[in-house]
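Protein sequence lines correspond, in order, to chains P and D. Residues in the first sequence are numbered consecutively from 1, following UniProt numbering. Residues in the second sequence are numbered consecutively from 1, following UniProt numbering. Heads up, the beta-carbon is just placed ideally off N, CA and C, and yes, glycines get one too.
There are 2 protein chains.
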Amino acid sequence: MAGFSDPIVAAGVAGLPALYAAGASPVDVTEAYLARIERLNPAINAVVELDAAGARAEARASARRWTAGQPLSPIDGAPIAVKANIAVEGLAHTAGIKAYARNIAPADAACVARLRAAGAVILGTLNMHEAALGATNDNAFLGRCENPHRAGFTPGGSSGGSAAAVAAGLCAAALGTDTMGSVRLPSSYCGVVGYKPALGAIPTDGVTALSWTLDHVGVHARSVEDAALVAQACGVANTAAPDQRALAVLDLDGLATLEPAVAEGFARTLDGMTAAGWRLERVRIDDLDLGALRRAGLLISEVEGGNEHRRALALDPEGFTRELRSLLAWGARQTPAKLAEAYRLIDETKRKIHASTNTYAGFLTPTTPQQAFAFGAAVPAGQADLTALGNVLGAPAFALPSGEADGLPLSLQVIGMTDGPTQALAKRLSETLSPPTVPEAFR
Amino acid sequence: MAGFSDPIVAAGVAGLPALYAAGASPVDVTEAYLARIERLNPAINAVVELDAAGARAEARASARRWTAGQPLSPIDGAPIAVKANIAVEGLAHTAGIKAYARNIAPADAACVARLRAAGAVILGTLNMHEAALGATNDNAFLGRCENPHRAGFTPGGSSGGSAAAVAAGLCAAALGTDTMGSVRLPSSYCGVVGYKPALGAIPTDGVTALSWTLDHVGVHARSVEDAALVAQACGVANTAAPDQRALAVLDLDGLATLEPAVAEGFARTLDGMTAAGWRLERVRIDDLDLGALRRAGLLISEVEGGNEHRRALALDPEGFTRELRSLLAWGARQTPAKLAEAYRLIDETKRKIHASTNTYAGFLTPTTPQQAFAFGAAVPAGQADLTALGNVLGAPAFALPSGEADGLPLSLQVIGMTDGPTQALAKRLSETLSPPTVPEAFR
Chain P
1 MAGFSDPIVA AGVAGLPALY AAGASPVDVT EAYLARIERL NPAINAVVEL DAAGARAEAR
61 ASARRWTAGQ PLSPIDGAPI AVKANIAVEG LAHTAGIKAY ARNIAPADAA CVARLRAAGA
121 VILGTLNMHE AALGATNDNA FLGRCENPHR AGFTPGGSSG GSAAAVAAGL CAAALGTDTM
181 GSVRLPSSYC GVVGYKPALG AIPTDGVTAL SWTLDHVGVH ARSVEDAALV AQACGVANTA
241 APDQRALAVL DLDGLATLEP AVAEGFARTL DGMTAAGWRL ERVRIDDLDL GALRRAGLLI
301 SEVEGGNEHR RALALDPEGF TRELRSLLAW GARQTPAKLA EAYRLIDETK RKIHASTNTY
361 AGFLTPTTPQ QAFAFGAAVP AGQADLTALG NVLGAPAFAL PSGEADGLPL SLQVIGMTDG
421 PTQALAKRLS ETLSPPTVPE AFR
Chain D
1 MAGFSDPIVA AGVAGLPALY AAGASPVDVT EAYLARIERL NPAINAVVEL DAAGARAEAR
61 ASARRWTAGQ PLSPIDGAPI AVKANIAVEG LAHTAGIKAY ARNIAPADAA CVARLRAAGA
121 VILGTLNMHE AALGATNDNA FLGRCENPHR AGFTPGGSSG GSAAAVAAGL CAAALGTDTM
181 GSVRLPSSYC GVVGYKPALG AIPTDGVTAL SWTLDHVGVH ARSVEDAALV AQACGVANTA
241 APDQRALAVL DLDGLATLEP AVAEGFARTL DGMTAAGWRL ERVRIDDLDL GALRRAGLLI
301 SEVEGGNEHR RALALDPEGF TRELRSLLAW GARQTPAKLA EAYRLIDETK RKIHASTNTY
361 AGFLTPTTPQ QAFAFGAAVP AGQADLTALG NVLGAPAFAL PSGEADGLPL SLQVIGMTDG
421 PTQALAKRLS ETLSPPTVPE AFR
């Protein structure tokens, strides 16, 4: 967190109780974030709907609890914002789709309700790629979300607003969703921690589905500790028996094409880990076809997403962009035989990877094969190929900031077996990695 | 097993070592079964291809091992036959489909290879419903398989030949396959033990797929002990920490229509269990729609089965019955959206049932809502509705003979959580139930 001049922002989530002990109040914390959003959000357009009045009321209630010495949880009073496909009572629940512009959520999503029950202050909703089906966050309805590290660059997606808001210090942490990498990919591009817990560990009730088979709710934060605290408040296990086994390094030769800066950064990171005493073993998974896996995941998302939006598509087709309509229509034109093969590939790949990696504490890859790129540049086809492995497995996965190249963040992905030990592993790993970069304009 | 006059047949699988200790040999055992097949099979048409020479050679090798005091496993020398969709090297691997009449298996299926590695004597292949998609075993290509309990009655299916052969004492045990109940359903109709281990516990390599999502390999035997021994030789876990928790009795009110004889028999069985000290609790699972689940399972089977047979269907459509072609064509005509919903229903139902039953050692239902019926009678739509729950869960399940009504077998289904404890549970349960009925003509 080095770099944020405001101690409130520098405190993230985990550091807030110490501030309260030193005399600050949750009200000060929420006011600080609201002021930053007002001042800094226009440059990046990460926050799309703010509930300032609600947040202030929650902050006051939290302040009373801390004063009484009875906080609801370690995150009581922490200001958190959530992706626009997650229902927040009284706010527009759009999933970044214009057709849902007037869809006011009648109730909180289960994950938001759990955060409130833990005392969190819900600030509002965040930008995202339309329908969560894409990873540039170039959203015609909500407007582009910019990467805080460089104007005119994508923050990644689909949870681009969540990663950008956390990187820019507009909230203490954020919720996102992740179907093929949508929490970890923008976390990689924006230099923050992205944590996708195991499949189902955070309930998806009240979240607009892209793919009920692959969807996960996850957390963006500025440290592993912050991410774990928020996930735990959402119901994720935190019992962490230390896992002393070696880590596998996935052999990507012939599987994925890494940008030179990513390949070099990853090699440096591994060298640093070896020097720090980590046991790393290169593991080859035979017959892994990341392109075929990507096409399978996309087809499943297009068909399942098409089912989710069927009614709105029929009532208000113009409320969807031509690009999204075209993706969903493509899915609907495929044969059931092809869809069955897609599910089969996902299932077989899951078993294959599990068989090759289950003797390790986890396995490592770069989070993305490339760094953030300019809006308008060609979108790399394999953008989410490495993160999608975590969705196929349904396993917990972290994106961990690991330095930078050419002024843009690099990220290490670790995929573990169960949530508690993976949190502990990510925490230990993050101690040997460079801390998240704070974008200059937001320090 | 009371009722078989031949001590070799009465010994099943588990009793054979005691016979060897008393001077009998695996050669005698195999000869006894070969003689019974020659004499009794024509009445029921359960065995469709016999490998008498191979079986005799394996029996001689087994005899040498027992003489040397070095059997390969407890089932060394046990004569076992397998369903015709399971590859046996050198025999026709047809899955009951005429198009594959000349498809000689170049190698054993993984489960057969494991049985041979454990010393089992492979007798040959058994009748089945065409493509395993149906449950009467009225097979135009292989000929009808008859229920040993009553001529002109279905043995059930799709593993009808496996259940009939075991009931008639034509083998010590048999392998079958089970996608929505195809091991347990004919076991119910024929009064034998049917055991479908957990999903993937016995590998399906070398087995003609009906649905790779729901297919399981399972065992038919005349006792739980026999079934467990054969399953263990196929690689299923047998570590059985005793599970002292209560058993759930699934509340079927409004869910399934039981024939009066089945309902009365089930009530008697539960009364007997309560009297014997079992703790039973009625459990209601809300929003369970067995009809919708059946349609989902059928659609998945039709589409996945269509993929499995795509090449043969194109090359030799007349090698499939009109009924089967029509089922597969129906699947191919459905939208991907509908197929996605079918997978979703399976997945959601799995979680729903698990949430309602996972605090119990297992749950009980009748295996089938009806007893065996005459060929030509209307096939009950809900024939496999109760067994399909085990496939949806991927959980271990037993069909246990539980007396008879009107001269035909009744069966109790127990669905457990993991294989070892479920074997132990089924064994304890079977001790309080009436033993399997031996059909009169085969005693």
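Practice task
Consult DSSP for A361(D) and reduce its assignment to one of helix, strand or coil.
Solution key: coil
Handout entry: R150(D) (DSSP reduced to helix, strand or coil)
Key = strand
Practice task
Over the uninterrupted alpha helix (DSSP H) stretch that includes I122(D), give me the two end residues.
Solution key: It is not in any alpha helix (DSSP H) - I122(D) instead sits in the beta strand (DSSP E) that spans 121 to 126.
Handout entry: 7 Å Cβ shell around A261(P) - same chain, five flanking residues per side excluded
Key = Q371, A405, D406
Exercise for the section: Would you kindly work out how many angstroms separate the C-alpha atoms of W330(D) and L299(D), rounded to a whole number? Expected result: 8 Å
Problem - Straight-line gap, V283(P) to H354(D) (C-alpha atoms, nearest Å) - result: 35 Å
Exercise for the section: For chain D, find out if any of its Cβ atoms is closer than 9 Å to the Cβ of T179(P); answer yes or no. Expected result: no
Exercise for the section: Would you decide whether T125(P) is buried or exposed? Buried here means 16 or more other CB atoms lie within 10 Å of its CB. Expected result: buried
Problem - Whole alpha helix (DSSP H) elements within the segment 220 to 300 of chain P, 4-residue minimum - result: 224 to 233, 260 to 275
Practice task
Below 8 Å between beta carbons is the criterion; list the residues of the segment 323 to 350 of chain D that meet it against any residue of chain P, in chain order.
Solution key: G331, A332, Q334, T335, P336, A337, K338, L339, A340, E341, Y343, R344, D347
Exercise for the section: Taking G306(D) as the query, report the chain P residues whose CB atoms sit under 9 Å from its CB, ordered along the chain. Expected result: P336, A337, A340
Handout entry: For M1(D), three-class secondary structure by DSSP
Key = Residue placement at M1(D) cannot be trusted, given a pLDDT of 41 that sits under 50; what the coordinates show is reported in the next sentence. Residue state, collapsed to three classes: coil.
Problem - Delimiting residues of the beta strand (DSSP E) encompassing S402(P) - result: 397 to 405
Exercise for the section: Report yes if the C-beta distance between R184(P) and G200(P) is below 9 Å; otherwise report no. Expected result: no
Practice task
In the DSSP assignment, find the unbroken beta strand (DSSP E) run with Q413(P) in it and report its ends.
Solution key: 408 to 415
Handout entry: Selection from A78(D), L214(D), K196(D) that minimises the alpha carbon distance to G176(D)
Key = K196(D)
Practice task
Return no unless some Cβ of chain D is closer than 9 Å to the Cβ of R310(P).
Solution key: yes
Handout entry: 7 Å Cβ cut-off: residues of chain D touching V392(P)
Key = Residues of chain D passing the Cβ test: none, with the nearest at roughly 15 Å.
Practice task
Run the CB neighbour count on E38(D), radius 10 Å, all protein chains shown included, and call it buried at 16 or more, exposed below.
Solution key: exposed
Practice task
Flag this pair as yes or no: are the beta carbons of S162(P) and T179(P) separated by less than 9 Å?
Solution key: no
Problem - DSSP three-state assignment for T177(D), whether helix, strand or coil - result: strand
Problem - Any C-beta of chain P under 9 Å from that of I86(D) - result: no
Exercise for the section: Would you please verify whether the beta carbon of T208(P) is less than 9 Å from any beta carbon of chain D? Expected result: no
Exercise for the section: For D385(D), I'd like the list of residues in its chain whose CB is within less than 6 Å of its CB, leaving aside the five on either flank, ordered along the chain. Expected result: A256, L290, R294
Problem - DSSP three-state assignment for H216(P), whether helix, strand or coil - result: strand
Practice task
May I ask you to list, following chain order, the residues of the segment 212 to 243 of chain P that have a beta carbon less than 9 Å from some beta carbon of chain D?
Solution key: W212, T213
Exercise for the section: Could you tell me whether the Cβ atoms of S62(P) and D76(P) are closer together than 9 Å? Expected result: yes
Practice task
Give a yes or no on whether 9 Å exceeds the smallest Cβ distance from I300(P) to chain D.
Solution key: yes
Handout entry: Assumed close pair V13(D), E58(D) - CB separation to whole angstroms, cut-off 8 Å
Key = V13(D) to E58(D), Cβ: 15 Å. No contact.
Practice task
Ignoring anything shorter than 4 residues or poking outside the segment 309 to 346 of chain P, list the alpha helix (DSSP H) runs there in chain order.
Solution key: 310 to 315, 322 to 333
Exercise for the section: Pick out whichever of A92(P), N139(P), G69(P), A43(P) has its Cα sitting closest to the Cα of G376(P). Expected result: N139(P)
Practice task
Check each residue of the segment 279 to 303 of chain P: if its Cβ is closer than 9 Å to any Cβ of chain D, include it; give the result in chain order.
Solution key: L299, I300, E302, V303
Practice task
Give every residue of the same chain whose Cβ lies closer than 7 Å to the Cβ of V166(D), excluding the five residues on either side of it in the sequence, and list them in chain order.
Solution key: A173, A174, V192, H220, A221, R222
Exercise for the section: Enumerate, from N- to C-terminal direction, the unbroken beta strand (DSSP E) stretches of 3 or more residues contained entirely within the segment 77 to 144 of chain D. Expected result: 79 to 83, 121 to 126
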